[in-house]
Amino acid sequence: MTSIADRYRNIAGTFTQRVTEVAPDAWENQSPVPEWTTRDVVRHLVEWVPSFLESGCDVRIPEGPSVVDDPVGAWANLSDALQAVLDDPAVGTRSFSHPRAGDHPLDQAIAMFIMGDVLMHTWDLARAAGLDDTIDAEEAAAMYEGMLPMDEMLRQSGQYGPRVDVADDADVQTKLMAFVGRHP
């Protein structure tokens, strides 16, 4: 079985590859997320992940470059810090307790709440910048299957758009992105 650290390394590695491929003139392109640009996709992750972790445990992400000045560096700072947390052998014994997300081992909390966001936003970033939008098929399948039973709750959260209809025989990436309200 693949460790959470290795899974994150894979998912974040794809995001890192895409973020480094964004052309200088593509940072202000419209993303598939309404009202977000390519840069805003990075900004979302760089801003919410540290505050989420700090509100549930003692993990503090060091301040990095500004997303405005250096979106690649801002992402690298966050991603490297998260990878260091996950690579720490004690991560599974550390607790995460959040008023809305509940109580979990820290590595499980990162897997449940952060990795999926990075996975989905890899697609958003790639689409906005005109890059290869392929995401890991196994991770997409696991996420899609895990989200299906929570359809109503996810819609009520306001974090996902209306489900988009796709063909029954669509690939799992298309199904996942349509499920979360994107138009693949």
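The sequence shown begins at 62 in this note's numbering and counts up one residue at a time. Yeah, the Cβ is synthetic: ideal placement off N, Cα and C, and Gly gets one too. Fair warning: this is a prediction, and the values are worked out from it, not measured in the lab.
Problem - Residue environment, Leu106, which counts as buried when at least 16 other CB atoms sit within 10 Å - result: buried
Problem - Proximity below 7 Å, CB of His159 to CB of Ser116 - result: yes
Exercise for the section: Kindly indicate which three-state DSSP category Pro166 falls into: helix, strand or coil? Expected result: Three-state result, Pro166: strand.
Problem - Start and end residues, alpha helix (DSSP H) containing Ser112 - result: Taken as a continuous stretch (DSSP letters only), the alpha helix (DSSP H) holding Ser112 covers Thr99 to Gly117.
Practice task
For His159, write down the residues that DSSP places opposite it in a beta bridge.
Solution key: Gly163
Handout entry: Cutoff 7 Å; reference Asp168; Cβ partners in own chain excluding five residues on either side
Key = Ile65, Leu147, Val152 and Gly153
Practice task
Flag this pair as yes or no: are the beta carbons of Ala189 and Thr81 separated by less than 7 Å?
Solution key: no
Handout entry: Own chain residues within Cβ distance below 6 Å of Val94, not counting five before or after
Key = Asp185
Practice task
Pick out whichever of Asn90, Gln78, Ala170 and Ala162 has its Cα sitting closest to the Cα of Val133.
Solution key: Gln78
Handout entry: Span of the alpha helix (DSSP H), counted from its first residue to its last, around Arg224
Key = Run containing Arg224: none; DSSP gives neither H nor E here.
Handout entry: Unbroken alpha helix (DSSP H) run spanning Glu200, endpoints
Key = Ala198 to Met208
Exercise for the section: Determine, using beta carbons only, whether Ala135 and Pro123 come nearer to each other than 7 Å. Expected result: no
Problem - Straight-line gap, Asp141 to Tyr69 (C-alpha atoms, nearest Å) - result: 11 Å
Exercise for the section: Taking all protein chains shown into account, decide if Trp88 is buried (16 or more other Cβ within 10 angstroms of its Cβ) or exposed. Expected result: So Trp88 ends up on the buried side.
Exercise for the section: Measure the alpha-carbon distance for Met181 versus Asp131 and round it to whole angstroms. Expected result: Approximately 22 Å between the Cα atoms of the pair.
Handout entry: Same chain, Cβ closer than 8 Å to Ala239, five either side skipped, listed in chain order
Key = Arg224, Val225, Asp226, Val227, Ala231 and Pro245
Handout entry: Buried versus exposed call for Ala84 [16 or more other C-beta atoms within 10 Å across all chains shown]
Key = exposed
Practice task
Can you have a look at Thr75 and say buried or exposed, based on whether 16 or more other CB atoms are within 10 angstroms of its CB?
Solution key: buried
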